[in-house]
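Trainee:
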Amino acid sequence: MSHPVFVVTGAPNKGKSTFVKAMTNDAAVVVGPYARTTTSAVCYPFKIDGETLFTLWDTPGFENAAEMHEIVTGWGMRESDHPMEVLRRFLQTYDGHEDFIYELEIFKPIADYACIVYVADCSRKFSESEYLREIELIRLTRLPRIAILNPIDGDRYLESWRSGLTDYFNNIKVFNPHNTSFDEKLRILGAFSHLNDEWEGPLNRVVEALRTRREKTLEESARVIRRTILMIYDKKFEVAYDGTRDEGEHREELIGQVREFVRRNLDDAQKEITRRFELSVNVAFEQEIADNDLFDAMVRKKNLSVHQRAVVNAMVGGGIGAALDAAAGGLTFGVFTATLGLGGGAAAYLKGISPMDLVKIGGFNPNEEKIEVESLHAELGILIINRLRQVVAVLYNRTAANTEEVTIRKDLDPTDLLKISRLLGNMASSRRHRYSEKHKKELLDFIHDKLKEDQKSAHVTVPGSGSI
């Protein structure tokens, strides 16, 4: 066998196909809400750069394990020095037999000395009468085997399953493929590597390759986010003076320019980051593009809390003295806000902001030929970072099995908020190709650090997930 092979088994409708889909990230794995969606054994190789590094077999659920158990134990499989020969005899004898359609599909790939992955639903009560024979059949092969306890509707019976399976499996792990993260997948691959000494090296290589590739993708994503910010902050926005319109109409047109340019660039950044994660943008994720309109009040609220907006506004407004700068690292937000006093424009932020607050527009003079944007507020840059942080967190933790909600803590601590507000404020005052390399590097480092922190604390939630 040139690479590790695992056969995923278990009773019907316990999450076998979803487990395969989560571990291989193969959208071709067929899942459904009802038992017997999978009726035959299907091979799903996991590849990196065209090379198959391991294979998972998806199989149907057991149907007639008790009768098969009776036959093979009658043939002496329990006592045999070569249990796989007894298994192959069964496969040959009952090939095509309608009483063992699903058992034949399960054990054909096992007969090639694969490791066995038994998936069970630990939200349902463990019953020896229901599961003992299929578990015994797996043990009789004497092949390396691991049990995956899938808490489909909670882990109420987790300990009874642990107790019931301890004597039958080399290892037992809890893993919900509907609600998992990238690091959880690596944890399961690590457990796989301990099942067979010969496979430890190849599977460790898989884990290292995946970590390296994800780290590279995070670095590339940080560069995409930085480039998006620089493009937006560097763009010249202006409208020609029209004597038939008043000042407000000119300003609204200018705000519309900025709003559309920001949304379009966020759309492009989201798509580029998605490509770098080598995932297709599915329908559910495409709908999130609506969240790229940062001039929409609800979108702003999702990406920057009212409190943080107030603090950013006070910072950029110059309400922080040298003493406060020195102490910022140890301040709580409560002390931070109290010290700032939330005076002037900062207090207004607590009540909500308008798109005009994100953009500073030059004076309106009918004698001039045009009116233009003087600068973009630092808050807009933070909104861009937080919006695209969310995109990266979703993609980083996305599998073909879980495609729903990923939560990250977007609020920054006082030190980081001060740092990025100052940095973006400096960039806003030195626009159009005059950003220093130092500023650009600081911005990239800040974004990259946030992306890495997000993946450590990301919480994956899939409401209403069911068993497959």
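First residue of the sequence shown: 2, per this note's numbering; consecutive thereafter. All C-beta atoms, glycine included, are put in the ideal place defined by N, C-alpha and C.
#1: Would you please state the rounded distance, in angstroms, between the beta carbons of Pro46 and Thr53? I believe it to be under 8 Å.
#2: Roughly how many angstroms lie between the CA atoms of Gly75 and Val87, to the nearest whole one?
#3: Based on Cα-Cα distance, which residue from Val312, Asp100, Leu267 lies nearest to Asp294?
#4: For the alpha helix (DSSP H) containing Glu273, name the first residue and the last one.
#5: Roughly how many angstroms separate the alpha carbons of Leu377 and Met428, rounded to a whole number?
#6: Could you check if Thr94 belongs to the surroundings of the ligand FAD, using beta carbon to heavy atom distance under 7 Å?
#7: According to DSSP, is Arg79 part of a helix, a strand, or is it coil?
#8: Could you pull the start and end residues of the beta strand (DSSP E) that Tyr45 belongs to?
#9: CB Cys123 to CB Asp156, shorter than 8 Å?
#10: Among residues of its own chain, excluding the 5 on either side of Arg410, which ones have a beta-carbon nearer than 7 Å to its beta-carbon?
#11: Would you report the Cα separation of Arg470 and Lys174, rounded to the nearest angstrom?
#12: Please report how far the alpha carbon of Lys15 lies from the alpha carbon of Met85, in whole angstroms.
#13: I'd like to confirm the pairing. Which residues does DSSP put opposite Asp59 in its beta bridges?
#14: Determine contact between the segment 112–128 and the segment 148–164, defined as no fewer than three beta-carbon pairs at a distance below 8 Å.
#15: Can you find at least 3 beta carbon pairs, one from the segment 233–252 and one from the segment 191–202, that sit closer than 8 Å?
#16: Use the C-beta contact count for Glu104: other C-beta atoms within 10 angstroms, 16 or more gives buried, fewer gives exposed.
#17: Which residue spans inside the segment 119–166 form an unbroken beta strand (DSSP E) run of at least 3?
#18: Indicate the three-state DSSP secondary structure (helix, strand or coil) for Leu413 in the structure shown.
#19: How long is the line joining the alpha carbons of Lys17 and Thr25, rounded to whole angstroms?
#20: Between the segment 200–210 and the segment 378–391, do three or more beta carbon pairs fall short of 8 Å?
#21: Bridge partners of His460, per DSSP?
#22: Can you tell me where the beta strand (DSSP E) with Ala29 in it begins and where it stops?
#23: For Leu413, which of Asp50, Arg260, Leu144, Arg390 has the nearest alpha-carbon?
#24: Enumerate in chain order the residues of its own chain whose CB-to-CB distance from Ala339 is below 8 Å, with the five nearest sequence positions on each side excluded.
#25: Whole angstroms is fine: what's the gap from Glu220's alpha carbon to Leu187's?
#26: Any idea which residues DSSP pairs Glu373 with across the strands?
#27: Take the Cβ of His179 as the centre, count every other Cβ of all protein chains shown within 10 Å, and call the residue buried at 16 or more, exposed below.
#28: Between which two residues does the beta strand (DSSP E) carrying Lys361 extend?
#29: Helix, strand or coil: how does DSSP classify Leu211 here?
#30: On a CA-only basis, which of Leu418, Phe170, Glu438, Tyr397 is nearest Leu452? Give me that one, please.
#31: Could you work out which residue in Arg212, Thr245, Asp50, Glu273 is closest to Arg224 when comparing CA atoms only?
Mentor: Looking at the atomic coordinates:
#1: Numbered from its first residue, the sequence shown carries residue 46 at position 45. Numbered from its first residue, the sequence shown carries residue 53 at position 52. Contact between Pro46 and Thr53 holds: CB atoms are separated by about 4 Å, below the 8 Å threshold.
#2: For the purposes of this step, residue 75 is taken as residue 74 along the sequence shown, with counting starting at 1. For the purposes of this step, residue 87 is taken as residue 86 along the sequence shown, with counting starting at 1. Approximately 10 Å between the Cα atoms of the pair.
#3: The count along the sequence shown starts at 1 and reaches residue 294 at position 293. Nearest option by C-alpha distance: Leu267.
#4: As a first step, residue 273 must be located in the sequence shown, where it is residue number 272. Under the DSSP assignment, Glu273 falls in the alpha helix (DSSP H) whose first and last residues are 248–277.
#5: Within the sequence shown, residue 377 is the residue found at index 376, counting from 1. Within the sequence shown, residue 428 is the residue found at index 427, counting from 1. Computed Cα separation, rounded: 9 Å.
#6: Questions concerning the ligand FAD fall outside what the structure shown contains, since it holds no ligand whatsoever.
#7: Along the sequence shown, read from residue 1 onward, the residue named residue 79 stands at position 78. Three-state DSSP puts Arg79 in coil, outside helix and strand.
#8: Taking the first residue of the sequence shown as 1, we reach residue 45 at position 44. For Tyr45, the enclosing beta strand (DSSP E) has its first and last residue at 43–49.
#9: For the purposes of this step, residue 123 is identified with residue 122 of the sequence shown, where counting begins at 1. For the purposes of this step, residue 156 is identified with residue 155 of the sequence shown, where counting begins at 1. Yes, Cβ-Cβ distance for Cys123 and Asp156 is below 8 Å.
#10: For the purposes of this step, residue 410 is taken as the residue at position 409 of the sequence shown. Answer for Arg410: Ser458, listed in chain order.
#11: Given a span of 2 to 469 for the chain in the structure shown, any question on residue 470 remains unanswerable.
#12: In the sequence shown, counting from the first residue as 1, residue 15 sits at position 14. In the sequence shown, counting from the first residue as 1, residue 85 sits at position 84. Cα to Cα, the separation comes out at about 26 Å.
#13: By 1-based counting over the sequence shown, the position of residue 59 is 58. According to DSSP, Asp59 bridges with Val9, Val43.
#14: Because the criterion of three Cβ pairs below 8 Å is met, the segment 112–128 and the segment 148–164 touch.
#15: No, the segment 233–252 does not touch the segment 191–202.
#16: What you label residue 104 is simply residue 103 of the sequence shown in a count that begins at 1. With 16 or more other Cβ atoms within 10 Å, it is buried.
#17: DSSP runs (the beta strand (DSSP E)) wholly in the segment 119–166: 146–151.
#18: Against the sequence shown, residue 413 aligns to sequence position 412. Residue state, collapsed to three classes: coil.
#19: By one-based count along the sequence shown, residue 17 stands at place 16. By one-based count along the sequence shown, residue 25 stands at place 24. C-alpha separation (whole angstroms): 12 Å.
#20: As far as the Cβ criterion goes, the segment 200–210 does not touch the segment 378–391, which means the pair count is below three.
#21: Translated into positions along the sequence shown, residue 460 becomes position 459. Looking at the DSSP assignment, His460 forms a beta bridge with Thr408.
#22: On the sequence shown, residue 29 is found 28 positions in, with the first residue counted as 1. In the DSSP assignment, Ala29 falls outside any beta strand (DSSP E) and carries neither an H nor an E.
#23: Within the sequence shown, the letter at position 412 stands for residue 413. By alpha-carbon distance to Leu413, the top candidate from Asp50, Arg260, Leu144, Arg390 is Arg390.
#24: Taking the first residue of the sequence shown as position 1, residue 339 is located at position 338. At Ala339, the pLDDT of 47 sits below 50, so the modelled position is not reliable; the number obtained from the coordinates is stated separately. Here the set comprises nothing.
#25: Along the sequence shown, one-based indexing puts residue 220 at 219. Along the sequence shown, one-based indexing puts residue 187 at 186. Their Cα atoms are separated by approximately 20 Å.
#26: Stepping through the sequence shown from its first residue, residue 373 is reached at position 372. Bridge pairing for Glu373: Glu239 [DSSP].
#27: Taking the first residue of the sequence shown as position 1, residue 179 is located at position 178. Here His179 is buried: its Cβ has 16 or more other Cβ atoms, across all protein chains shown, within 10 Å.
#28: In the sequence shown, counting from the first residue as 1, residue 361 sits at position 360. Where Lys361 is concerned, the enclosing beta strand (DSSP E) stretches over 360–362.
#29: Residue 211 sits at position 210 when you count from the first residue of the sequence shown. Looking at Leu211 - three-state DSSP - the assignment turns out to be helix.
#30: Translated into the one-based positions of the sequence shown, residue 452 becomes position 451. Distance check between Leu452 and each of Leu418, Phe170, Glu438, Tyr397 places Tyr397 closest, using alpha-carbon atoms only.
#31: Start at 1 with the first residue of the sequence shown, and residue 224 comes out as number 223. If we check each option's Cα against that of Arg224, Glu273 comes out closest.
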